[in-house]
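These notes are about the structure you will find just below.
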Amino acid sequence: MTTDIATTQAPSSVQLIDFDDAQIVPGIVNDTYFLIVSGMKPYQNMKVTLLPRTYIRQPEYWEVEVAGAVYGIPLPVMTPYHEFLPLEGSRGTKGILVIGKSTTCKLEFPVAN
125 MTTDIATTQA PSSVQLIDFD DAQIVPGIVN DTYFLIVSGM KPYQNMKVTL LPRTYIRQPE
185 YWEVEVAGAV YGIPLPVMTP YHEFLPLEGS RGTKGILVIG KSTTCKLEFP VAN
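The sequence shown begins at 125 in the numbering used here and counts up one residue at a time.
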């Protein structure tokens, strides 16, 4: 039996989740940046991860998904989360597009003074 991977559903234990705030902040070393995303996760034991997409060529806005994974029995308690991602190898020419379950946010890199 063969399965077409394009038509299979993603595992229900991993899903996109919403976020309340996303920002790009400069690091202490020149030309380094971090993406910081925060919000409320629906399960206390959910692990939130920022997942950059893979590209062959550098896009204008690099897409980063906000994903949550539940391990074990889900504990349905709204809990705040704060995650960060170093943007060393995941930088668009203009910025980052953060993708959540029901919202997206286009962020530009800060302009140097």
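From the three backbone atoms N, C-alpha and C, an ideal C-beta is built for every residue, glycine too.
The structure presented is a predicted model; accordingly, all values stated were derived computationally and were not measured.
DSSP state of residue i mapped onto helix, strand, coil
i: D145; result: strand
i: K218; result: coil
i: Q168; result: coil
i: I160; result: strand
Cβ separation of residue i and residue j, assumed to be a contact under 8 Å, to the nearest whole Å
i: L211; j: F158; result: 6 Å
i: F208; j: I160; result: 5 Å
i: V172; j: Y205; result: 5 Å
Contacts around residue i, its chain only, beta-carbon distance under 6 Å, and the 5 residues preceding and following it disregarded
i: G216; result: P183, E184, Y185, W186
i: Q168; result: L199, V201, T203
i: D145; result: S162
Spatial neighbours of residue i in its chain, beta-carbon cut-off 7 Å, leaving aside the 5 residues before and after
i: K230; result: Y185, G219, L221
i: L175; result: V188, E189, A191
Identity of the residue in the options nearest residue i by Cα
i: M164; options: G224, D155, I152; result: G224
i: T156; options: T227, G213, S226, T228; result: G213
i: M170; options: Y179, I197, V153; result: I197
Alpha helix (DSSP H) runs wholly inside the region 178 to 234, at least 4 long, in chain order: As summarised for the region 178 to 234, there are no continuous alpha helix (DSSP H) elements at least 4 residues long confined to that stretch.
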